[in-house]
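What follows is a set of notes on a single structure, which appears directly below.
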Amino acid sequence: MARPGVSVEVKPAAGARVNEFAIKLANVNGTGSASTNSLLMQAIFRMGVSVSGKNLFPSNIQGLPTWFEIRVSASGHTARASEYDLMVAMNGQTYTQDIAEVQAAGYLLYDDSWPLESEQRRPGVNFLGVPLAQLCADRFATTKERTLMKNVATAGVLVALLGLPVDEVTALLEETYSRHPRLLEDNQAALRLGYEYATTHLSCPLPFHVVKLAPPTGRILIDGNTAVALGALYAGATVAAWYPITPSTSVMDGFSRLCAQYRQGPKPDAGEGRPHDYLIVQAEDELAALSMVIGANWAGARAFTATSGPGLSLMQELLGLAYYTEVPAVVVDVQRAGPSTGMPTRVQQADILAAAHASHGDTRHIVLFPADPAECFYFMVQAFDLAERFQTPVLLLSDLEIGMNEWEVPELTWDDRYRPDRGRVLGRDELEALDHFWRYGDADAEGVTPRTLPGVSPLGGHLIRGSGHDRRADYTENPGEYQEVMDRLLRKHRAAAPHLPPPVVEAQPGADIGVITVGSCDLAVREALELIPGVRSSYLRVRGYPFAEEVGRFIEAHRLCFVVEENRDGQLRSLLQIETGAPGAKLRSVPSYGGLPLTAGWVAEQITRQLED
Amino acid sequence: MAPIATGVAAANRELVVVGVSGDGDSLSIGLGHLCHAIRRNVRMLYVIADNGVYGLTKGQFSASADVGSRSRRGEPNLLPPIDAMLLGLSLGATFLARGFSGDKGQLVPILKAGLAHGGFALVEVISPCVQFNDHEGSTKSFGYVRQHELQEVDADFIPSREEIRGQQIPGTATEVKFHDGAAVRFRAVPPGYDPRDRRAVEAYLRDHSGHGEIVTGLLYLDESVPDLHQLNGTPEEPLWSLPYERLCPGAAELAQFQARLR
Ligand SMILES: Cc1ncc(C[n+]2csc(CCOP(=O)(O)OP(=O)(O)O)c2C)c(N)n1
Ligand SMILES: [Mg+2]
Chain A
1 MARPGVSVEV
11 KPAAGARVNE
21 FAIKLANVNG
31 TGSASTNSLL
41 MQAIFRMGVS
51 VSGKNLFPSN
61 IQGLPTWFEI
71 RVSASGHTAR
81 ASEYDLMVAM
91 NGQTYTQDIA
101 EVQAAGYLLY
111 DDSWPLESEQ
121 RRPGVNFLGV
131 PLAQLCADRF
141 ATTKERTLMK
151 NVATAGVLVA
161 LLGLPVDEVT
171 ALLEETYSRH
181 PRLLEDNQAA
191 LRLGYEYATT
201 HLSCPLPFHV
211 VKLAPPTGRI
221 LIDGNTAVAL
231 GALYAGATVA
241 AWYPITPSTS
251 VMDGFSRLCA
261 QYRQGPKPDA
271 GEGRPHDYLI
281 VQAEDELAAL
291 SMVIGANWAG
301 ARAFTATSGP
311 GLSLMQELLG
321 LAYYTEVPAV
331 VVDVQRAGPS
341 TGMPTRVQQA
351 DILAAAHASH
361 GDTRHIVLFP
371 ADPAECFYFM
381 VQAFDLAERF
391 QTPVLLLSDL
401 EIGMNEWEVP
411 ELTWDDRYRP
421 DRGRVLGRDE
431 LEALDHFWRY
441 GDADAEGVTP
451 RTLPGVSPLG
461 GHLIRGSGHD
471 RRADYTENPG
481 EYQEVMDRLL
491 RKHRAAAPHL
501 PPPVVEAQPG
511 ADIGVITVGS
521 CDLAVREALE
531 LIPGVRSSYL
541 RVRGYPFAEE
551 VGRFIEAHRL
561 CFVVEENRDG
571 QLRSLLQIET
581 GAPGAKLRSV
591 PSYGGLPLTA
601 GWVAEQITRQ
611 LED
Chain B
1001 MAPIATGVAA
1011 ANRELVVVGV
1021 SGDGDSLSIG
1031 LGHLCHAIRR
1041 NVRMLYVIAD
1051 NGVYGLTKGQ
1061 FSASADVGSR
1071 SRRGEPNLLP
1081 PIDAMLLGLS
1091 LGATFLARGF
1101 SGDKGQLVPI
1111 LKAGLAHGGF
1121 ALVEVISPCV
1131 QFNDHEGSTK
1141 SFGYVRQHEL
1151 QEVDADFIPS
1161 REEIRGQQIP
1171 GTATEVKFHD
1181 GAAVRFRAVP
1191 PGYDPRDRRA
1201 VEAYLRDHSG
1211 HGEIVTGLLY
1221 LDESVPDLHQ
1231 LNGTPEEPLW
1241 SLPYERLCPG
1251 AAELAQFQAR
1261 LR
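Residue numbers (our numbering), protein chains in the order written: chain A, 1 to 613; chain B, 1001 to 1262.
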């Protein structure tokens, strides 16, 4: 396949760097690069090396640039990298930007079916040319095949450059395409094309590459949205309603797939189909989606919805209804960037305040903040328990980075003794033993009053209303009666705090600096703390609102606290200040709001600069 | 309201679900929700108390107000009305009826039939608002409705458990059976009115509303369309009552599932 005159410009390896590097693949959206990206991720993962992949993609379907970043880290740091050892530059549109991101003495892989102009070269960067288009044009017949297979051939080149065992990658393809022999054949052929070209023409592997460690037992690769869907399945949710929106769509796609697999299908004995033990409604909008969830929860099912920013805005009134009428509901918000439509495929944590106090009037909700897919799974199950125990909406605030990227996490575990906490629900016998049933009377120590399910007993019958009501659930405009209910709702919200996932605290003895963060910032912030020399700092990651007491104590115990979060206005910082009463000067905002995942370098720089000020 | 009712019906298919709303709710702020509940054929009775105004907010025109109908202050409504029955027909509604709050004799059997229907039963009840829309010039006043009502389609509701007694309607009577054995018997006043013929019903309604007439009665019925639960293949037992053990795949399956994620 070699063309005459192809120059190989690999400099000799200065010193090998094993399992510690970052690469970036620049592509055009809609050309089928996604499956190749996960193939590479999975291949590295199977080597037992810590790996993360960040998919930076545009919000339209075809034509705009897309990047995939892979970071391999022997030290276990898998936040987004800020510099790349190898750039796979397959998008002419972004070439200038891409080449600028290559580390000094780094590498750039390009398709030299069209040789580079001299001004496209950057001194100090090693250029690796592979005639990918040419190779694929010779081997595949149609334009579509050529485009798709070029990605796989590129993966073949990378397998060689990064020192991945080609047999294991071939085996991976077999697993993926076991049911599509034709596709399998094409993929394997394309992989070989790239691999063989690289091994004959380039010096492989590169100085930075992968060396196999012990197999990754007890670890999995999973995206947060699939993990949320699994959580809903395991929590026993039977009703789900949603309106499609990026980046939350794969939550319901995942839930549908899981339900098709585990909640229906042929009975083992009889031949006919088993009924579907679930009902998923694609609603007409997010008002309807949350309304359905509220209706279903009121009638006793576990029901949830998944959305993102604009959908959360539409759900505001309904969140107030569920809060005030005390109906459980689980709402997953996979946060994306910006007010209004914003940047749908970019990440932010900018719905924190909107979620905590969603809806008009005095309204406050329980909010859970997972940091990775494992927490998405466990928190989702817990969200249902909390919603039913406290008879109120629970919002699970995930984000695009967690939801739509594959993360390496410890294998999810399940305790078969788990049973849902349905909270205070009175059955027929209990109702018969009472001399009266008041829906909002008889509060327990946590401010929770007993509810009844419709259709169970006329003794539990009552009218719930979003308008002013007293403890009997009767209409009222009487200040005292209204306040009595509102005060109990506040007590109930506070009482939930110790039941939420506690904050993660890593205290350094004697540290006077505290660093507080939330959700997917976790990895970058932890790594950043290692990068700041000579600063002793303690770490706290908030995982639930209302905040646990520990959060206030942590702030009190430190002279200064940095609050690292992905929004412009320091929303977590504001909420911390309001809820803990900490003096504003003590809480320093470190806001990242460009829409890209956080990097440790940036966090370290921000904190260092503020400390110098 | 319609989507909340949809959620209730989804969770517990044994409940009798009744929704009551206004014309403002159903034909403006909640119009989209009404449309989609109709499309999903959620098994419920949905009543629109139609007074042509927003009563609670003191008399603004609603989307059901007729062109030229006057508000209490004398302003004419200029926008064309949304006719809930025609809307329903175009969306594939399976039960459409219109009654008049001043005519209990007709309304009660209609409501009973709606409750027995195996899908979404939409009942529009012309309900003159004595406070804000019962004046001269309004087309939703008691007086106007009494004068312009055409009781074209008469229906007798025969509950399942009762024996079908007497009341044999000669000639053109048509009987439609509900799933639970109850039946509605139509007595079509105009020769050939068939409440199961969507196109004919639509033409008839358009024709009469064009003349300012309000056609009341059980106007359209189709018992053959699957409801929300049939469409989704849910079990006979209500979803809310399914034991958790049946819903959770358990630890062993979770391990199996994750074998593919390595
Ligand atoms: C989101 C929202 N917007 C506005 C209102 C104010 N509002 C209360 S009732 C009503 C109109 C109701 O009209 P209709 O449904 O015809 O009921 P009627 O009072 O005529 O019986 C409005 C606009 C509200 N309650 N909620
Ligand atoms: Mg009205």
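Where is the CB? At the ideal position from N, CA and C, for every residue including glycine.
Cα-Cα separation, residue 479 (chain A) to residue 1058 (chain B): 25 angstroms
Contacting residues, own chain, Cβ-Cβ under 6 angstroms from residue 559 (chain A) (five flanking each side not counted): 512
Neighbour list for residue 411 (chain A) in chain B, Cβ cutoff strictly below 8 angstroms: 1255 and 1258
Interface residues of chain B facing residue 423 (chain A) [CB-CB closer than 9 angstroms]: The premise fails here: residue 423 (chain A) is roughly 14 angstroms from chain B at the closest Cβ pair, so nothing lies under 9 angstroms.
C-beta atoms of residue 402 (chain A) and residue 520 (chain A) nearer than 7 angstroms: yes
Neighbour-count burial assignment, residue 217 (chain A), 16 or more Cβ in a 10 Å radius: exposed
Boundaries (first-last residue) of the beta strand (DSSP E) holding residue 1099 (chain B): 1095-1100
For residue 413 (chain A), the first and last residue of its enclosing beta strand (DSSP E): From DSSP, residue 413 (chain A) is part of no beta strand (DSSP E); its letter is neither H nor E.
Terminal residues of the beta strand (DSSP E) in which residue 364 (chain A) lies: Residue 364 (chain A) -> no beta strand (DSSP E), and no H or E assigned at all.
For residue 440 (chain A), three-class secondary structure by DSSP: coil
Start-to-end residues for the alpha helix (DSSP H) that takes in residue 35 (chain A): 34-45
Which of helix, strand or coil DSSP assigns to residue 164 (chain A): coil
Pair within 7 angstroms by beta-carbon distance, residue 994 (chain B) and residue 1125 (chain B): Not covered by the structure: residue 994 (chain B). The range shown for chain B is 1001 to 1262.
Any C-beta of chain A under 7 angstroms from that of residue 1232 (chain B): yes
Proximity to residue 1230 (chain B) [Cα-Cα], best of A:275, A:46 and A:332: A:275
Straight-line Cα distance separating residue 1242 (chain B) from residue 394 (chain A): 23 angstroms
Pick from A:447, A:52, A:26 and A:382 that is closest to residue 86 (chain A), judged by C-alpha positions: A:26
CB contact check: residue 1215 (chain B) to chain A, cutoff 7 angstroms: no
Any chain A beta carbon closer than 7 angstroms to residue 1244 (chain B): yes
Interface flag, residue 1008 (chain B) vs chain A, CB-CB below 7 angstroms: yes
CA nearest to the CA of residue 1115 (chain B), picked from B:1045, B:1037, B:1012 and B:1030: B:1045
Cutoff 7 angstroms: residue 270 (chain A) Cβ touching any chain B Cβ: Annotation note: pLDDT 49 at residue 270 (chain A) (below 50); position unreliable, coordinate value reported separately. Residue 270 (chain A) does not count as touching chain B.
Cβ contact check for the region 593-607 of chain A and the region 1001-1016 of chain B: 3 or more pairs under 8 angstroms: no
Buried versus exposed call for residue 522 (chain A) [16 or more other C-beta atoms within 10 Å across all chains shown]: buried
First through last residue of the beta strand (DSSP E) which encompasses residue 325 (chain A): First-last for residue 325 (chain A): 316-325, but that is the alpha helix (DSSP H), not the beta strand (DSSP E).
Complete runs of the alpha helix (DSSP H) confined to the region 119-153 of chain A [at least 4 residues]: 132-139
C-beta neighbour in chain A for residue 1105 (chain B), strict 7 angstroms: no
Residues that DSSP places opposite residue 1076 (chain B) in a beta bridge: B:1070
Listed by chain order, chain B residues near residue 404 (chain A) by CB distance under 9 angstroms: Residues of chain B passing the Cβ test: none, with the nearest at roughly 16 angstroms.
Chain B within 7 angstroms of residue 11 (chain A), Cβ atoms only: For residue 11 (chain A), the predicted model reports a pLDDT of 41, less than 50, meaning its position is unreliable; a value from the coordinates is still stated below. For residue 11 (chain A), the answer is no, since every Cβ of chain B falls outside 7 angstroms of its Cβ.
Buried versus exposed call for residue 578 (chain A) [16 or more other C-beta atoms within 10 Å across all chains shown]: exposed
Under 7 angstroms (Cβ pairs) to chain A, residues found in the region 1023-1038 of chain B: 1032, 1033 and 1036
Lining residues of ligand 2 - beta-carbon closer than 6 angstroms to any non-hydrogen atom, in sequence order: B:1022, B:1023, B:1024, B:1051, B:1053, B:1054, B:1055 and B:1062
Where residue 377 (chain A) falls: helix, strand or coil (DSSP): helix
Boundaries of the alpha helix (DSSP H) in which residue 490 (chain A) is found, first to last residue: 479-496
Under the three-state DSSP convention, the category residue 1203 (chain B) falls into: helix
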